[in-house]
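Chemist: Keeping their order, the protein sequence lines are chains F and V. All residue numbers for the first sequence refer to the working numbering, where the first residue is 67 and numbers rise by one. All residue numbers for the second sequence refer to the working numbering, where the first residue is 256 and numbers rise by one. Here it is, the structure in full.
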Amino acid sequence: MLASVEVLPVDGHPSEPDGFRDFVEARSSALLRSGWLLTGDWPSAEDLVQTALAAAWPRWATLTRQDAPELYVRKIMVNTFLRWRQRRWTGEIATGRLPEHAYGDVFAQVDARQALIAALDRLPARQRAVVVLRYFADQTEAQTAAAMGCSVGAVKSHASKALARLRDAPGLAELMTGGVAS
Amino acid sequence: MNTEERQLAEMLHRVTPEPPRRVTVEDVAFRLANEAGQARGGHREPREPRVRRGLGLGNLGRGRGWAPVLAAASVVVVAGASAGIAQLASHHSPATSPVGGPSSFSASASTVPSSAEPSQPTASAGPTWPPERIADGMWDAELINRQSFTQASLAAGYAGVSSLYAISPGYLDRISPVTGEVLAEVPYTSPIPGYPNRPVVTYGQNTVWVLSSYSGSNVVLTGYNGTTLARVASVTVPVSGQVSSTPQGVLTSNGALLYVAAGSSVAMVDPEAHQVMKQIPTSGQVGSVAVAPDGKLYVSTGALKLLAYNQGTGAQLGSSSMTGLSSTGGNLVATSGGVWGTVGIGMSEWVWFAPNGDLSQAIRVSQGPGAGLYSVPTVSGPTISGGAVWIGGSQRLACANPATGHVMASTAIPADNGVVEYFGSVTMAGNGRMFALYQNQAAQQSGVATLTPPAACSG
């Protein structure tokens, strides 16, 4: 976990669009959780969300008129994630996971999260994106297809293949049928 | 959705944790302002994460976060006709062959009399200028030297005569902390261009150690007299496997011994006997090493694992990791409270602090897009009883508490007509004054600057 000790201020940033702050405050947690599912760690999730929000900032008035700021932000997140993954160096396989700080059965929660991320790591990037958009962000197949720039049929195909892979992921079946509370 | 899909959705919502912190509007504004500044300065970062951290000659211009390296090069080229650079060029005699060690890599040591050296040091010559107030006078910054130095290469020596050392193109320089004058120089070319390469001073012997070879299976350290820069020793270090292709701080010292990353091992070198004392095997190619005041040796491997060893025995004491990173981390600095380092996260350069050397507890200290090696953390003073960790860059210059990781004070680094300026490689000389490397692309200025940080930075 990387928490900010101090976010250093910068002067002269462009003026803040109306409603942007409310959106960020209301939705940043959900967006970050989606980012975590996509990337597997908080720093990258935060970077993903910041990237998407920075892209949305100058278009904010248009996006709110279309009542679609969150769809746009998620679209940027997914496409940024897919671009990162295309270029990602995979020469070294990480061997551990960051422990999270929580209450209750800490170790069980950590195990559950590790199992989840390990399972998602098995998926190709586009299948992983479909899982996050469809089953975590609760987007429809059409919305998911629009965000990813593909057809609804492709979304169904990715979802089906992802589910098949996840069925074989160690520890995930137990999580899906009960598992550990967060 | 069918039952399986509903179970998956329910599980994702249940298991996915709450984030440790929220993204704020200020975070986004910070990024936008930086991107705008970078665009104005002509150093816009690529909009993708850096795949590999570093700037080998083969990927010049493609690495994220290395804009200052390119900028530094451009300063030399563009400013070639300016008065300052012209004087500098006349000051430096044409470079002879760079100093290098023997090509074999078995453990060996040799003491080299300076009279036999092909690359003789030069007692100086450099012109001096009156100190010039710079960067809007932040922290009383004054430029005392107008030479282009390699980022993150400034070091201080305390034995005998107080001195600064830095690497300039083709040379290792000894610099007066009083006048900024180059007091001595010796031809030297960094074997790891684009990566941090800070000279290490061993005080007992008044010797300045640098890497003279670092590629493949070949690591050679060369020692120079701290006053004259006459070459006094060369130590060839055995390498386990191959050295890291992303060396980010591979040479350090605890005052008594030198530690150098040598492939999947760290070599302990006796700087007095010029011998390799011990080879500590590591589980992974070492990208960075640091020594802590409590006797621990910290080593980083890959992206990103931190291993702790006993500095004397080499016994492993622990390990921790930060996963999911797409680039290696490094530039380790160890203090009484833990370990500091850098990592490229997306488009940003982050400095992190791991309390007690535990990466799983790491916190972000700063986020400096485009800061390059100027953001490499450095330490000053006795960090057990005070002192500070310094983090530079193009946005803020900050001092942090070496025990807690908290920023104690910081100041904005101004932009000169929208073009970024850089401060970094902060170090404290024997006379107690603080120095940093400075670069201003707009004014085509660079050199060593003095700083007077606020009292809060004293800890």
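Positions of the beta carbon are idealized from the N, C-alpha and C atoms, including for glycine.
Is Leu199/F close to chain V? Criterion is C-beta to C-beta, closer than 8 angstroms.
Modeler: no
Chemist: Determine the closest residue to Ser423/V out of Ala407/V, Arg486/V, Gly412/V and Phe608/V, with distance taken between C-alpha atoms.
Modeler: Ala407/V
Chemist: Would you mind stating whether Gly596/V and Ser555/V have Cβ atoms separated by less than 8 angstroms?
Modeler: yes
Chemist: Determine, using beta carbons only, whether Met214/F comes closer than 8 angstroms to chain V.
Modeler: no
Chemist: List the DSSP bridge partners of Trp595/V.
Modeler: Val588/V and Phe608/V
Chemist: Of all the options Val606/V, Val631/V and Thr507/V, which has the alpha carbon lying nearest to the alpha carbon of Pro526/V?
Modeler: Thr507/V
Chemist: Given 8 angstroms as the limit, is there contact between the segment 197-215 of chain F and the segment 235-243 of chain F, that is, 3 or more CB pairs closer than that?
Modeler: no
Chemist: Using CA atoms only, rank isn't needed, just tell me which of Tyr693/V, Gly478/V and Val662/V is closest to Glu676/V.
Modeler: Residue Tyr693/V is the option with its Cα nearest to Glu676/V.
Chemist: Label Ala230/F either buried or exposed according to how many other C-beta atoms from any shown protein chain fall within 10 Å of its C-beta, with 16 as the threshold for buried.
Modeler: exposed
Chemist: At a cut-off of 7 angstroms, is Pro190/F close to the ligand FMN when judged by its beta-carbon and the heavy atoms of the ligand?
Modeler: The model depicted lacks the ligand FMN and carries no ligand whatsoever.
Chemist: What is the C-beta distance between Leu398/V and Ala704/V, in whole angstroms, given that I count them as a contact (C-beta under 8 angstroms)?
Modeler: 5 angstroms
Chemist: What does Trp645/V pair with, by DSSP beta-bridge criteria?
Modeler: Thr633/V and Cys654/V
Chemist: Short check: CB of Val541/V to CB of Ser499/V, under 8 angstroms?
Modeler: Yes, the pair counts as a contact, with Cβ atoms nearer than the cut-off.
Chemist: Could you say if the segment 268-287 of chain V and the segment 78-92 of chain F meet the contact criterion of at least three C-beta pairs nearer than 8 angstroms?
Modeler: yes
Chemist: If you measure between the beta carbons of Tyr450/V and Leu427/V, is that distance less than 8 angstroms?
Modeler: No, Cβ-Cβ distance for Tyr450/V and Leu427/V is not below 8 angstroms.
Chemist: Report the neighbours of Thr243/F on chain V: residues whose CB is nearer than 8 angstroms to its CB, in chain order.
Modeler: Identification of chain V residues near Thr243/F by a Cβ-Cβ cut-off of 8 angstroms yields Gln262, ordered along the chain.
Chemist: What residues of chain F sit near Thr633/V, judged by a beta carbon separation below 8 angstroms?
Modeler: Result: empty, since nearest Cβ-Cβ is about 18 angstroms, beyond 8 angstroms.
Chemist: Can you name the residues of chain F whose CB is closer than 8 angstroms to the CB of Pro709/V?
Modeler: The premise fails here: Pro709/V is roughly 15 angstroms from chain F at the closest Cβ pair, so nothing lies under 8 angstroms.
Chemist: Which value, in whole angstroms, describes the spacing of the CA atoms of Arg140/F and Gly518/V?
Modeler: 42 angstroms
Chemist: Exposed or buried, which one is Arg271/F when buried takes at least 16 other CB atoms within 10 Å?
Modeler: With chain F covering only 67 through 248, there is no way to say anything about residue 271/F.
Chemist: For Ala570/V and Ser615/V, I'd like the C-alpha separation in whole angstroms.
Modeler: 21 angstroms
Chemist: Going by beta-carbon coordinates alone, are Leu98/F and Thr146/F separated by less than 8 angstroms?
Modeler: no
Chemist: CB-CB under 6 angstroms to Ser576/V, same chain, minus the five flanking residues each way: which ones, in chain order?
Modeler: Lys560 and Leu614
Chemist: Write down the C-beta distance between Ile668/V and Gln650/V rounded to the nearest angstrom, noting that I regard them as a contact closer than 8 angstroms.
Modeler: 6 angstroms
Chemist: Could you tell me which of Leu562/V, Thr583/V, Leu587/V and Thr633/V sits nearest to Ser574/V, measuring between CA atoms?
Modeler: Of the candidates Leu562/V, Thr583/V, Leu587/V and Thr633/V, the one whose C-alpha sits nearest the C-alpha of Ser574/V is Leu562/V.
Chemist: Kindly list, in the order they appear in chain V, the residues whose Cβ is closer than 8 angstroms to that of Ala178/F.
Modeler: Simply Val270.
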